[in-house]
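Working notes for the structure below.
Numbering (the working numbering), first residue to last: 1046 to 1569.
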């Protein structure tokens, strides 16, 4: 047993606002968080840009790269940066997978399809990657391209879809000629079709499958027509727009058929795994795929190395080694991880360096609490009480040296754009902290409270006209790092730290030597 157990709490999406615009964290009644920040050793951590391996400080962090950094103590090239490097070096277009995708189309006179999130949010995808691939496909002899666009409004402004549709349409128009035909074929909001995660709602994936593959759904002449019509009829933001199919003379322009090639151009894994399962697994049984087309399918990255999903991919993911979990297992320390479905993979898969399997069945225990299948602003407390109950039980069992949990509320409710609900979500997390700290004191534990990125701290923003509008994306704000211990007053070093500094700090608290490749420990 370690000298003293360490409990790490990730308040997902809770940062320190710089603008004060829609700061649900400050607006919430959080007596415990306020007390911790006033009385305990604390600092703020950088959770975006180069601190988590993204291209620039204009790139907001996300839960995936955030938990990678938290769990491995190092900074790896991630997401957009990884793909950018592969495109710029030419490696993507010289890869066996890209050449197989293209060769399949040129040999069969078939279509290359691109499915993915249409924005420049740099969290799941980037429209510029798509544009480059379409251009390269034409250059290499592909005659027909169809795009199946998922509308964002989450990592970018809530009603910005037309901006990206117009950009893509203009790009394709500049390439189209007698030898090349590119069109948008289908689409819909990211929270309505295709981009489910952690197998929380297979109905979303089935709806996307039928839309993209079979061309089933409400038909429109253009994507812009679909967006404008749905906005007028339903009054919802981009992420919640229903599915649509582009048709000419009543026929879908881009069903996926035998001998076609299909690329899922999202680079983030969590919301790409289920569609990859549907395309890749012969024994897939989550829904009826109907007439299954025989295609060459590839992802932008391999989204899960342990599950080998997908089998073909364009960019090799970062090979994350020497994670905190590996180090603790090597030292014989026992770990416990818990969250609800929406963030369960973040304290397990992403935390362990994008690995589904445990490093040790004996020393690692994972607990998933099923999330409610409702809009999170309808139940903004989510499963915070159940997570707290479970973690307290694990603490009191005395079995574990290092315990971690994720409270999703600040992020998942924050993404809905509902400020009042997000305030309740933040308050729910604070109630959980109150109970956890009491249990930690009773069981003589050290507690670290932090976050993976901001979101709830910036629910409003000014648009280009200077008008205040709802913000549903992550923020670029720093996040808290607090140490609570009833007996020991730790001293935090001077310096500017990021999420990757957390793992070495945990290691020191547990009396474990950190690998030389890790970032600096934050405590003296």
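Quick reminder that beta carbons are idealized off the backbone N, C-alpha and C, glycines included.
Boundaries around residue 1386 are those of the alpha helix (DSSP H), 1386-1390, since no beta strand (DSSP E) includes it.
Counting of Cβ neighbours within 10 angstroms places residue 1566 among the buried residues, the total reaching 16 or more. In this structure, the CA atom of residue 1157 is about 21 Å from the CA atom of residue 1335.
The stretch 1074-1090 and the stretch 1519-1526 touch, with three or more beta-carbon pairs separated by less than 8 Å. The Cβ-Cβ distance between residue 1498 and residue 1105 falls below 8 Å. Going by DSSP, residue 1348 is part of no beta strand (DSSP E) at all; its letter is neither H nor E. The stretch 1263-1327 is shown to contain whole alpha helix (DSSP H) runs of 4 or more residues at 1268-1279, 1318-1325, in chain order. About 29 Å separates the Cβ atoms of residue 1517 and residue 1358, ruling out a contact at the 8 Å cut-off.
Within the stretch 1126-1168, the runs of alpha helix (DSSP H) that reach at least 4 residues and sit entirely inside it are, in chain order, 1136-1139, 1141-1153.
In this structure, residue 1467 and residue 1501 form a Cβ contact; the two beta carbons are roughly 5 Å apart against a cut-off of 8 Å. For residue 1480, the enclosing alpha helix (DSSP H) begins and ends at 1464-1487. In this structure, DSSP gives residue 1254 a helical state, which the three-state scheme calls helix. If you ignore the 5 residues before and after residue 1560, its C-beta comes within less than 7 Å of the C-beta of 1367, 1372, all in its own chain and listed in chain order. For residue 1232, the pairing in a beta bridge is given by DSSP as 1194, 1289. Taking a cut-off of 8 Å for Cβ pairs, the stretch 1413-1428 and the stretch 1452-1460 touch, as three or more such pairs fall below it. Across the structure, residue 1556 and residue 1465 are spaced so that their CA atoms are roughly 43 Å apart. Taking a 10 Å sphere around the C-beta of residue 1234, we find 16 or more other C-beta atoms and assign the residue as buried. As summarised for the stretch 1491-1557, the continuous alpha helix (DSSP H) elements at least 4 residues long and confined to that stretch are 1547-1554, given in chain order.
In the three-state reduction of the DSSP assignment, residue 1121 falls in the coil class.
Within a 10 Å sphere around the beta-carbon of residue 1165 sit 16 or more other beta-carbons, which makes this residue buried. In terms of Cα proximity to residue 1310, the closest of 1304, 1342, 1297 is 1342. With fewer than 16 neighbouring CB atoms inside 10 Å of its own CB, residue 1244 falls in the exposed class.
Here the alpha carbons of residue 1365 and residue 1122 stand approximately 10 Å from one another. Shown here for residue 1256: same chain residues with a beta carbon closer than 7 Å to its own, the five before and five after excluded, namely 1231, 1233, 1238, 1262, 1288, 1290 in chain order. Between residue 1495 and residue 1547, the C-beta gap is smaller than 8 Å, which places the two residues in contact. Residue 1543 and residue 1274 have their C-alpha atoms some 44 Å from each other. Secondary structure remark: continuous beta strand (DSSP E) runs of at least 3 residues inside the stretch 1365-1445, in chain order: 1380-1385, 1409-1414. Rounded to whole angstroms, the separation of the alpha carbons of residue 1126 and residue 1451 is 26 Å. Beta bridge pairing from DSSP links residue 1056 with 1452.
For residue 1246, the secondary structure class from DSSP, reduced to helix, strand or coil, is coil. With contacts defined by Cβ atoms closer than 8 Å, residue 1226 and residue 1188 form a contacting pair. Comparing alpha carbon positions, the residue from 1145, 1102, 1322, 1144 closest to residue 1250 is 1322. In this chain, residue 1077 is not harboured by any beta strand (DSSP E); it is covered by the alpha helix (DSSP H) spanning 1076-1084.
Residue burial is scored here from C-beta neighbours: residue 1131 has at least 16 other C-beta atoms within 10 angstroms and is therefore classed as buried.
Closest option to residue 1425, judged by alpha-carbon separation, among 1446, 1471, 1269: 1471.
A Cβ-Cβ distance of about 12 Å is found for the pair residue 1568 and residue 1527, leaving them out of contact under the 8 Å criterion.
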